[in-house]
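For any residue, its number in this note's numbering is found by taking its place in the sequence shown, counting from 1, and adding 3.
Here the structure is laid out as structure tokens; the discussion comes afterwards.
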Amino acid sequence: MFDNKSILITGGTGSFGQHFTKTILERYKPKKLIIFSRDELKQFEMQQQFNASCMRYFIGDVRDQDRLRRALQGVDIVIHAAALKQVPAAEYNPFECIKTNVLGAQNLIEACLDTDVKRVVALSTDKAAAPINLYGATKLCSDKLFVAANNIKGHRDIRFSVVRYGNVMGSRGSVVPFFLEQCKTGVLPITDPAMTRFNISLQDGVNMVLWALENAWGGEVLVPKIPSYHITDVATAIAPECEQKIIGLRAGEKIHEEMITASDSFNTVDLGVYYAILPAGGHYSIEDYCAKTGAQIVTPGFCYNSGSNEQFLTVDELRDLVQKQLV
């Protein structure tokens, strides 16, 4: 469904956008692949690597609905990856985080409804489940906006869905590049030795978005089945010779992350490779969804938590993953 289609990625110069672009260009023949972002330097740098004839680079901000509406003319598919994502920065600059993550989501939804877009997938985060920090709260609000957008589409042939996943190994701002830099000092700062996180590769994240674009009914929050890791194991895998210094939790930080809460379980189904949190009171029932997709309703009270996950990466597995990032 991606050949001869026009695709736009908000926040397209980020780690996800660049890997999504690479995958699309390798597998398909899009009519246009539009990178929409506000950083001209990152766009210039990305152009050096991705300069196929279908590529377009648009300067713009999701805070500007008029610019979004202009950029979306003739676009079939939208992937929404633009967000302010750093937890401490969001705690200190809450108004700015809300303008981008919440109002930006509303702007994109309204612009998609005003144009002829057919499919929209928004990227979410494990921090949006039972959020305790502002970043997570804004992403939960964004998720709700994209789910609810299916209720106001009217006669339009458009579907909005969400993908929610954990930390991306090696992405900008993640723990791996931070630890690689810090190991030069001989000390790796650990907020809490019990801390765990979900882990997903960039390619698996891209594949999940592609799956959602092809298969989502609209209104799902899709969650992958992925392993967890202990933060101390990541530190050991990267620099076993370094001291691990406990510095305490930062503002808005959890010991463990969730992607599905017990409260979500009553609307959650198991699709095999993914879970899907279905919209409560949406335009289809959970029973109909299961009958037509083969999904199974999860046990009431089920939750998906990085600390109680059945699969954990070992130090050796983490070391291999880190080495792959360095190649």
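Idealized CB from N, CA, C, for every residue including glycine.
What separation, rounded to the nearest whole angstrom, lies between the Cα atoms of residue i and residue j?
{"i": "A74", "j": "I10", "result": "11 Å"}
{"i": "T16", "j": "K102", "result": "20 Å"}
{"i": "S127", "j": "A151", "result": "15 Å"}
{"i": "V190", "j": "E184", "result": "10 Å"}
{"i": "I12", "j": "F39", "result": "6 Å"}
{"i": "E29", "j": "G251", "result": "44 Å"}
{"i": "K147", "j": "N104", "result": "12 Å"}
{"i": "K130", "j": "E244", "result": "31 Å"}
Buried or exposed for residue i, going by 16 or more other Cβ atoms inside 10 Å?
{"i": "D253", "result": "In the sequence under discussion, the amino acid at residue 253 is Arg, which differs from the Asp named in the question. Counting Cβ neighbours within 10 Å, R253 comes out exposed, since fewer than 16 surround it."}
{"i": "I27", "result": "buried"}
{"i": "M211", "result": "buried"}
{"i": "H158", "result": "exposed"}
{"i": "D79", "result": "buried"}
With a Cβ-Cβ cutoff of 9 Å, do residue i and residue j count as a contact?
{"i": "G169", "j": "I229", "result": "yes"}
{"i": "F315", "j": "T235", "result": "no"}
{"i": "F182", "j": "A92", "result": "no"}
{"i": "W220", "j": "V276", "result": "no"}
{"i": "Y278", "j": "V209", "result": "no"}
{"i": "H22", "j": "L205", "result": "yes"}
{"i": "E94", "j": "G255", "result": "yes"}
Let me check understanding here. Comparing Cα to Cα, which of the options lies closest to residue i?
{"i": "V224", "options": "R59, A125, A85", "result": "A125"}
{"i": "G304", "options": "Y60, G310, S268", "result": "S268"}
{"i": "P192", "options": "G297, R167, K248, Y95", "result": "K248"}
{"i": "K156", "options": "G189, K121, E290", "result": "K121"}
{"i": "N308", "options": "H259, G20, C293", "result": "H259"}
{"i": "L321", "options": "Q76, E256, I203", "result": "I203"}
{"i": "D69", "options": "F182, T118, G310, V81", "result": "T118"}
{"i": "M262", "options": "Q326, A132, D160, S177", "result": "A132"}
{"i": "G310", "options": "L116, D195, D79, S164", "result": "D195"}
{"i": "N312", "options": "C57, V166, F201", "result": "F201"}
DSSP state of residue i, grouped into three classes?
{"i": "L225", "result": "strand"}
{"i": "D323", "result": "helix"}
{"i": "R73", "result": "helix"}
{"i": "S164", "result": "strand"}
{"i": "A125", "result": "strand"}
{"i": "L137", "result": "helix"}
{"i": "L252", "result": "coil"}
{"i": "A283", "result": "coil"}
{"i": "K35", "result": "strand"}
{"i": "V81", "result": "strand"}
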